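A.B. asks: According to the working numbering, the sequence shown is numbered sequentially starting from 456.
One structure, as structure tokens, below. Some questions next.
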Amino acid sequence: MSRYLLDSNVFIQAKNLHYGFDFCPAFWSWLIEKNAEGRVASIEKVADELHAGQDELSDWAEARGRSFFLPPDDAVIPALRDVSAWASTQGYEPAAVSTFLQVADYWLVAHAKAHGAVVVTHEVPADTARKIKIPNACMGLGLSFVTPYDMLRRERARFVLGRQTGEVA
456 MSRYLLDSNV FIQAKNLHYG FDFCPAFWSW LIEKNAEGRV ASIEKVADEL HAGQDELSDW
516 AEARGRSFFL PPDDAVIPAL RDVSAWASTQ GYEPAAVSTF LQVADYWLVA HAKAHGAVVV
576 THEVPADTAR KIKIPNACMG LGLSFVTPYD MLRRERARFV LGRQTGEVA
């Protein structure tokens, strides 16, 4: 059983594109349901990024609180050191390392490392020294990462209109 930790871009792109609150509330309900089961969560630093938007997404995140957006715990602190050490020794430009260590991505990767979680992000690996991407950090640290669509398929999410019988009209 995987536990998934969601990057801020998962929430932002869902709201702005595929799963708007106004036309796909089932996605948001599914996140809440899976969070209650202990399968899906995110971290406090991601919530901080979402709150900056001051929109319906920030309101949604605010309503979820610390049960969805987990604060760092004692296991995260040593993982932060590991992630920092990795980032500092991979040939990234100093500005890239500095930026990475100041954003939620760093905390997300460390939290996943500390708790054996799968990171969910829209980011893709990139061969550049100018920016540390979440997938690169995950691969470098031996962590799993997936796209939101992979997570939804793995978890067999179903957002069905009308009949629940699986019939195709």
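Beta carbons are placed, not taken as given, at the ideal position from N, Cα and C, and that holds for glycine.
Since this is a predicted model, take the numbers as computed values, not measurements.
Looking only at its own chain, which residues have a Cβ that is under 8 Å from the Cβ of A507, when we skip the five neighbours before and after it?
C.D. replies: Here residue 507 corresponds to residue number 52 of the sequence shown, with the count starting at 1. Same-chain partners within the cutoff: S513.
A.B. asks: With a threshold of 6 Å on Cβ separation, who are the neighbours of V501 within its own chain once the five nearest residues in sequence on each side are excluded?
C.D. replies: To locate residue 501, count along the sequence shown from 1; it is residue 46. Closer than 6 Å at Cβ, skipping near neighbours: S463, A559.
A.B. asks: Using 10 angstroms around the beta-carbon of M606, count the other beta-carbons present and answer buried if the total reaches 16, otherwise exposed.
C.D. replies: Taking the first residue of the sequence shown as 1, we reach residue 606 at position 151. That one is buried.
A.B. asks: Grouping DSSP H, G and I as helix and E and B as strand, with all else coil, what is A496?
C.D. replies: Here residue 496 refers to the residue found at position 41 of the sequence shown. Here A496 sits in strand by DSSP.
A.B. asks: Find out if the Cβ-Cβ distance for the pair V564, A592 is shorter than 8 Å.
C.D. replies: Sequence index remark: in the sequence shown, residue 564 carries index 109 (1-based). Sequence index remark: in the sequence shown, residue 592 carries index 137 (1-based). Yes, Cβ-Cβ distance for V564 and A592 is below 8 Å.
A.B. asks: Helix, strand or coil: how does DSSP classify F524 here?
C.D. replies: Within the sequence shown, the letter at position 69 stands for residue 524. Of the three classes helix, strand and coil, the one that applies to F524 here is strand, per DSSP.
A.B. asks: Among the candidates P549, R521, L472, whose CA atom is the shortest distance from the CA of G493?
C.D. replies: The residue given as residue 493 occupies position 38 in the sequence shown. If we check each option's Cα against that of G493, R521 comes out closest.
A.B. asks: Could you tell me the alpha carbon to alpha carbon distance between P549 and Q468, rounded to whole angstroms?
C.D. replies: Taking the sequence shown and counting its residues from 1, one reaches residue 549 at position 94. Taking the sequence shown and counting its residues from 1, one reaches residue 468 at position 13. About 29 Å.
A.B. asks: Could you give the residue range of the alpha helix (DSSP H) that holds L512?
C.D. replies: Within the sequence shown, the letter at position 57 stands for residue 512. Its alpha helix (DSSP H) spans residues 511-519.
A.B. asks: Evaluate the contact criterion for the segment 576-596 versus the segment 531-549: three or more CB pairs, one atom per stretch, below 8 Å.
C.D. replies: Segments in contact, yes.
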